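Some notes on the structure that comes next.
Numbering (the numbering used here), first residue to last: 5 to 219.
Below, the structure is given as structure tokens:
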């Protein structure tokens with residue numbers, strides 16, 4: 005892959021390619037064309053080829069794509085060829101659901117600990133992961149080679165916690181708090197605003213209803 009910036013639109017499609025190719029591989033299919041992948045994913049064949057060309061193409065004219073190889077290469081691009089160590093901040097309902105989601109482990113994402121301000125949760129376990137007090141967060145990160153901090157806490161606490169962990173050696177924050185965080189450039193942030201996703205869905209519902217009302 006050339007040392008150049010890839011658009012976020014392309015990057016956002018990579019996990020979907022990876023997921024579909026994994027399903028196709030599990031079906032025992034060894035080879036697939038962009039046209040066949042287009043029909044399955046409902047993405048144009050031209051878009052698929054353009055996306056893959058950003059990373060070298062992967063295919064052979066007249067042959068198509070080797071499914072296992074393409075799945076593996078996209079996994080490497082997404083950083084799934086190695087394990088990632090995470091800690092969770094916020095052991096409530098959302099945090100508990102995240103820790104218990106088994107597919108994370110299948111992708112190489114391993115929670116090492118959880119942290120919460122609620123003293124009643126300290127010492128308990130979520131999905132086999134122990135819950136610690138917040139004042140142990142920074143030292144745990146520094147002593148356990150933590151790469152990603154997951155924030156499943158209210159926005160009022162998220163800014164303070166982000167400031168705390170920004171001084172450690174973490175590489176990224178996966179943020180479920182409804183606020184866009186400001187952190188040093190070396191720390192990557194993925195903001196997950198669940199209500200934004202739901203509002204996009206209701207927008208699509210309204211657009212569909214309006215379109216059909218005009219027929």
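Beta carbons: idealized from backbone N, C-alpha and C, even for Gly.
The structure displayed is predicted, hence computed values, not measured ones.
In terms of alpha-carbon separation, which member of the options lies closest to residue i?
i: residue 160; options: 126, 114 and 179; result: 179
i: residue 191; options: 207, 174 and 183; result: 174
i: residue 9; options: 131, 42, 25 and 58; result: 58
i: residue 15; options: 55, 204, 87 and 75; result: 55
i: residue 126; options: 139, 41 and 115; result: 139
i: residue 86; options: 74, 13 and 110; result: 110
i: residue 193; options: 199, 205, 167 and 217; result: 167
i: residue 27; options: 50, 75 and 124; result: 75
i: residue 38; options: 73, 68 and 199; result: 68
i: residue 163; options: 12, 182, 146 and 197; result: 182
i: residue 132; options: 103, 146 and 108; result: 103
i: residue 172; options: 144, 197 and 184; result: 144
i: residue 46; options: 122, 35 and 17; result: 17
Does the distance from the CB of residue i to the CB of residue j come in under 7 Å?
i: residue 21; j: residue 78; result: yes
i: residue 130; j: residue 95; result: yes
i: residue 41; j: residue 71; result: no
i: residue 88; j: residue 112; result: yes
i: residue 136; j: residue 117; result: yes
i: residue 176; j: residue 152; result: yes
i: residue 150; j: residue 196; result: no
i: residue 199; j: residue 188; result: no
Can you name the start and end residues of the beta strand (DSSP E) that residue i belongs to?
i: residue 89; result: 88-93
i: residue 179; result: 176-179
i: residue 134; result: 133-137
i: residue 194; result: 192-195
Between which two residues does the alpha helix (DSSP H) harbouring residue i extend?
i: residue 51; result: 49-57
i: residue 73; result: 71-81
i: residue 214; result: 198-217
i: residue 60; result: Segment: none, residue 60 is in no alpha helix (DSSP H) and carries neither H nor E.
i: residue 99; result: 97-103
i: residue 30; result: 12-30
i: residue 43; result: 38-45
Query raised in the report: Quick one: complete alpha helix (DSSP H) runs, 4+ long, within the stretch 105-131?
Result: 107-110
**Report entry** the stretch 94-108 touching the stretch 150-159, judged by at least three CB pairs closer than 8 Å
**Finding:** With three or more CB-CB distances shorter than 8 Å, the stretch 94-108 counts as touching the stretch 150-159.
**Report entry** Within the stretch 138-164, ranges of the beta strand (DSSP E) (whole runs, at least 3 residues)
**Finding:** At a cut-off of 3 residues, the continuous stretches assigned as beta strand (DSSP E) that sit fully inside the stretch 138-164 are 152-155.
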